[in-house]
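Take a look at the structure set out below.
Protein chains: 2
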Amino acid sequence: MSEPMDYASAGVDIDLEGSAVASLIGALSKSVRAPGTPGAPVDLPGGFGGLIEFGDNLLALATDGVGSKLQIATALEQWGGVGIDCMAMNVNDLLCVGAEPIAFVDYVAVPKPDPAIHAALGASLAEACRLARVTLAGGETASLPGIVTELDLSGTALGWLPKGQAITGEYLKEGDVLIGLPASGIHSNGYSLVRKIIEHAGLAYTDTAPFDAEHPARSLMRWTEGAPTLGEILLNPTRIYCDPVVDLLNAAREGETFSISDIHGICHITGGGLSNLLRLHPSLGWDIHTPLPVLPEFAWLQTAGGVETREMYRTFNMGMGMVVAVAAEHAETILSWLQERMDGVAIVGHVDNQGHRVTHAIEGVEFSHY
Amino acid sequence: MSEPMDYASAGVDIDLEGSAVASLIGALSKSVRAPGTPGAPVDLPGGFGGLIEFGDNLLALATDGVGSKLQIATALEQWGGVGIDCMAMNVNDLLCVGAEPIAFVDYVAVPKPDPAIHAALGASLAEACRLARVTLAGGETASLPGIVTELDLSGTALGWLPKGQAITGEYLKEGDVLIGLPASGIHSNGYSLVRKIIEHAGLAYTDTAPFDAEHPARSLMRWTEGAPTLGEILLNPTRIYCDPVVDLLNAAREGETFSISDIHGICHITGGGLSNLLRLHPSLGWDIHTPLPVLPEFAWLQTAGGVETREMYRTFNMGMGMVVAVAAEHAETILSWLQERMDGVAIVGHVDNQGHRVTHAIEGVEFSHY
Numbered sequence: 004m005s006e007p008m009d010y011a012s013a014g015v016d017i018d019l020e021g022s023a024v025a026s027l028i029g030a031l032s033k034s035v036r037a038p039g040t041p042g043a044p045v046d047l048p049g050g051f052g053g054l055i056e057f058g059d060n061l062l063a064l065a066t067d068g069v070g071s072k073l074q075i076a077t078a079l080e081q082w083g084g085v086g087i088d089c090m091a092m093n094v095n096d097l098l099c100v101g102a103e104p105i106a107f108v109d110y111v112a113v114p115k116p117d118p119a120i121h122a123a124l125g126a127s128l129a130e131a132c133r134l135a136r137v138t139l140a141g142g143e144t145a146s147l148p149g150i151v152t153e154l155d156l157s158g159t160a161l162g163w164l165p166k167g168q169a170i171t172g173e174y175l176k177e178g179d180v181l182i183g184l185p186a187s188g189i190h191s192n193g194y195s196l197v198r199k200i201i202e203h204a205g206l207a208y209t210d211t212a213p214f215d216a217e218h219p220a221r222s223l224m225r226w227t228e229g230a231p232t233l234g235e236i237l238l239n240p241t242r243i244y245c246d247p248v249v250d251l252l253n254a255a256r257e258g259e260t261f262s263i264s265d266i267h268g269i270c271h272i273t274g275g276g277l278s279n280l281l282r283l284h285p286s287l288g289w290d291i292h293t294p295l296p297v298l299p300e301f302a303w304l305q306t307a308g309g310v311e312t313r314e315m316y317r318t319f320n321m322g323m324g325m326v327v328a329v330a331a332e333h334a335e336t337i338l339s340w341l342q343e344r345m346d347g348v349a350i351v352g353h354v355d356n357q358g359h360r361v362t363h364a365i366e367g368v369e370f371s372h373y
Numbered sequence: 004m005s006e007p008m009d010y011a012s013a014g015v016d017i018d019l020e021g022s023a024v025a026s027l028i029g030a031l032s033k034s035v036r037a038p039g040t041p042g043a044p045v046d047l048p049g050g051f052g053g054l055i056e057f058g059d060n061l062l063a064l065a066t067d068g069v070g071s072k073l074q075i076a077t078a079l080e081q082w083g084g085v086g087i088d089c090m091a092m093n094v095n096d097l098l099c100v101g102a103e104p105i106a107f108v109d110y111v112a113v114p115k116p117d118p119a120i121h122a123a124l125g126a127s128l129a130e131a132c133r134l135a136r137v138t139l140a141g142g143e144t145a146s147l148p149g150i151v152t153e154l155d156l157s158g159t160a161l162g163w164l165p166k167g168q169a170i171t172g173e174y175l176k177e178g179d180v181l182i183g184l185p186a187s188g189i190h191s192n193g194y195s196l197v198r199k200i201i202e203h204a205g206l207a208y209t210d211t212a213p214f215d216a217e218h219p220a221r222s223l224m225r226w227t228e229g230a231p232t233l234g235e236i237l238l239n240p241t242r243i244y245c246d247p248v249v250d251l252l253n254a255a256r257e258g259e260t261f262s263i264s265d266i267h268g269i270c271h272i273t274g275g276g277l278s279n280l281l282r283l284h285p286s287l288g289w290d291i292h293t294p295l296p297v298l299p300e301f302a303w304l305q306t307a308g309g310v311e312t313r314e315m316y317r318t319f320n321m322g323m324g325m326v327v328a329v330a331a332e333h334a335e336t337i338l339s340w341l342q343e344r345m346d347g348v349a350i351v352g353h354v355d356n357q358g359h360r361v362t363h364a365i366e367g368v369e370f371s372h373y
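First to last, the protein sequences are chains A and B.
Just so you know, the first sequence maps onto residues 4 to 373 in the numbering used here.
Just so you know, the second sequence maps onto residues 4 to 373 in the numbering used here.
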């Protein structure tokens, strides 16, 4: 291969996206809702979830879609996991501010309503609600033949937390311990690059995976028998971290052995990979010296696409979907607590004070911009 | 013209949409959130907004998109109103359950990010937040070249109300007075039919409107000088009814001259037109004997498309975007209160008990199914 593949060459222009979003945000004005009234905005760095005041509590909203992962689901007519992806992308963002997700609404856009697709989405959303422990409080199905050529699925999650207990990153400090939570697969980011690599490799999604997909910290959602297909691995639903993270937050708030003030930061590793950590604090650094095992699909994608290692870690979760930064003195207690509830949780690194950057056990995997 | 146009012939199969949505809903299970806990669902007929428990209050979510009206905005590269449409479709639904909208998130899907579109959307959403008095608590811009061919815009609104004060329709009774609130135009429903009629008429959206667009109860958002163009009329933003309806709800809850128990039902007239009224009660009827003036664009569309009158009232708002059903003994007080705050508000009819149907001053405009 002459040119290594990267996310930009797969058709995603991150700079253009950034300037488009900046244009939208720049046109917005201050909220009309006065401080102290229901709905008044609460400023928080990182921006994983939008927080608003509500009496003695805060409410949080997160909105996101499944993105181009849907194109693989549609190509295979397998929509059983995409409701879980849609839920996960939203509720995992809410967890990052310390909110407990409580409700969800979905938005489905299709060229033409199709009861088979909708039944599959309904089943997938029902399972997602169970995993995230939320109420499906509504939804919209739009038929837009002039706008969409195939299924688009997005959603919005609502969460809450007691006022004064948001996880803001303000207590992060040098020496804090980073606990990594394993991913179930590629989750819902980087699929433009994934699709380009599969195409380049001349493989079909129905082909048996050309690698061993076994990994102790995840199971696959299967619809074929025998060895897993590429499609089954690529469509494995995004992990929903409500269990155990909501329980961790509640245990911390009850404060028997550790308290909410020991949980200094929570990061959902989405598009941008490890560089998402930089969103949690304006000056501290993040040293991932003992990363979680890389899931086999990432190793294969890197080789098949000739993707540079740094680009892999800037595009994909590489096996770690969430990071919890905790006070060093309670790290072992919190680690054990999490390990009892989820396989594959481990200490992956520390917060340092040597500049606003992410470093990694692999030399060259370093980020100083989100 | 040989065949009169209708909504179905414009490519919208309402039955298919209904069965697709039924498939999705049928696959859903009961909420995992127990009664009395934050997020537990609250059953309510009508289904305008999804209500959940939250301590001494209820929270409501509504999610909806702008639909094919966006195709006209994109054709004209005029996105200044679509943020208002998106907001209106959601917050107006929240008002129907008696909720005050407090926050909003937008979801933008584009084939490729375009700072010009995003700046226009940002300005439009900022104005929408001002009109609806909500905080923009987040948003997502997705680049989906394989799924969308042009802009899709949807959003989710969050509202709240004190527990026990939801407008459920349970107090509706024969003799209740229907107060109509004027529409600003076509709002955001029926655009598949609108676009088909314009095409059939051989007109361009940039053509001067072939009718007098003046109407005392609305103003137009303009971007040309001289006589209004068809595009300016068709894209006029959906009216946001927060002012005066939130204030009406608050005045009623304070209860100086009328109380919240006098407001028996609120109906957002969306797709389905007047048949939306049937969603408010399982058995009562709705007699619209003194309708609001029809906006000139509806009269022209009907003639140009050869659309049957009943079909017009089942597809469009016909000049009335919201209906408030109130106790007869306080109807004049509430009417005056609303008239002081919005031009064109009037008593349009009464609730009757002669079957579950909508009747209208125009014979044949009658609906017994939503």
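Here a beta-carbon is modelled for each residue, glycine too, at the ideal position from N, C-alpha and C.
Would residue i pass as a contact of residue j if the rule is Cβ separation under 8 Å?
i                 : j                 : result
Ile243 of chain B : Leu134 of chain B : yes
Leu161 of chain A : Leu62 of chain A  : yes
Asp265 of chain B : Ile337 of chain B : yes
Leu147 of chain B : Leu27 of chain A  : no
Lys199 of chain B : Met321 of chain B : no
Asp290 of chain A : Thr362 of chain A : yes
Ala30 of chain B  : Val180 of chain B : no
Ile55 of chain B  : Ala307 of chain A : no
Leu154 of chain B : Ile120 of chain B : yes
Ser286 of chain A : His359 of chain A : yes
Gly324 of chain A : His190 of chain A : yes
Ser127 of chain A : Gly86 of chain A  : yes
Whole-angstrom Cβ separation of residue i and residue j, contact assumed at under 8 Å?
i                 : j                 : result
Ala328 of chain B : His267 of chain B : 5 Å
Val137 of chain A : Val94 of chain A  : 7 Å
Val108 of chain A : Ala145 of chain A : With 8 Å as the limit, Val108 of chain A and Ala145 of chain A do not qualify as a contact, their Cβ atoms being about 13 Å apart.
Gly178 of chain B : Val368 of chain B : That belief does not hold up - the Cβ atoms of Gly178 of chain B and Val368 of chain B are roughly 22 Å apart, past 8 Å.
Leu98 of chain A  : Cys245 of chain A : 7 Å
Gly101 of chain A : Ala169 of chain A : 5 Å
Ser187 of chain B : Thr241 of chain B : 7 Å
Leu19 of chain A  : Pro116 of chain B : 5 Å
Ala65 of chain A  : Thr159 of chain A : 7 Å
Residue i bridges to which residues according to DSSP?
i                 : result
Leu61 of chain A  : A:Glu56, A:Leu164
Tyr110 of chain A : A:Glu143, A:Ser157
Ala328 of chain B : B:Leu181, B:Gly268
Gly352 of chain A : A:Leu181
Trp226 of chain B : None, per the DSSP bridge assignment.
Met323 of chain B : B:Pro185
Val151 of chain B : A:Val151
Tell me whether residue i sits in a helix, a strand or coil according to DSSP, three-state version.
i                 : result
Pro7 of chain A   : coil
Thr362 of chain B : strand
Asp67 of chain A  : strand
Asp210 of chain A : coil
Asp46 of chain A  : coil
Glu314 of chain B : helix
Thr232 of chain B : strand
Glu103 of chain B : strand
Thr306 of chain A : helix
Trp289 of chain B : strand
Phe370 of chain A : strand
Val137 of chain A : coil
Quick check on this structure: which residue in the options has the alpha carbon closest to the alpha carbon of residue i?
i                 : options                                : result
Ala23 of chain A  : B:Val35, B:Pro118, B:Leu298            : B:Pro118
Asn60 of chain B  : B:Leu184, B:Lys166, B:Val100, B:Ala140 : B:Lys166
His292 of chain B : B:Gly68, B:Leu154, B:Ala364            : B:Ala364
Thr318 of chain A : A:Thr306, A:Gly193, A:Leu184, A:Asp179 : A:Gly193
Ile75 of chain B  : B:Thr209, B:Glu343, B:Pro294, B:Gly352 : B:Thr209
Pro296 of chain A : A:Leu164, A:Pro285, A:Ala220           : A:Ala220
Phe57 of chain B  : B:Ser71, B:Val69, B:Arg36, B:Asp67     : B:Arg36
Ile105 of chain B : B:Val113, B:Ala131, B:Gly229, B:Leu287 : B:Ala131
Val326 of chain B : B:Asn253, B:Ile350, B:Gly42, B:Ser12   : B:Ile350
Asp67 of chain B  : B:Leu233, B:Gly274, B:Glu366           : B:Gly274
Residue i versus chain C: which residues are under 8 Å apart at the beta carbon?
i                 : result
Ile150 of chain B : No chain C appears in the structure shown, which is made up of the protein chains A and B.
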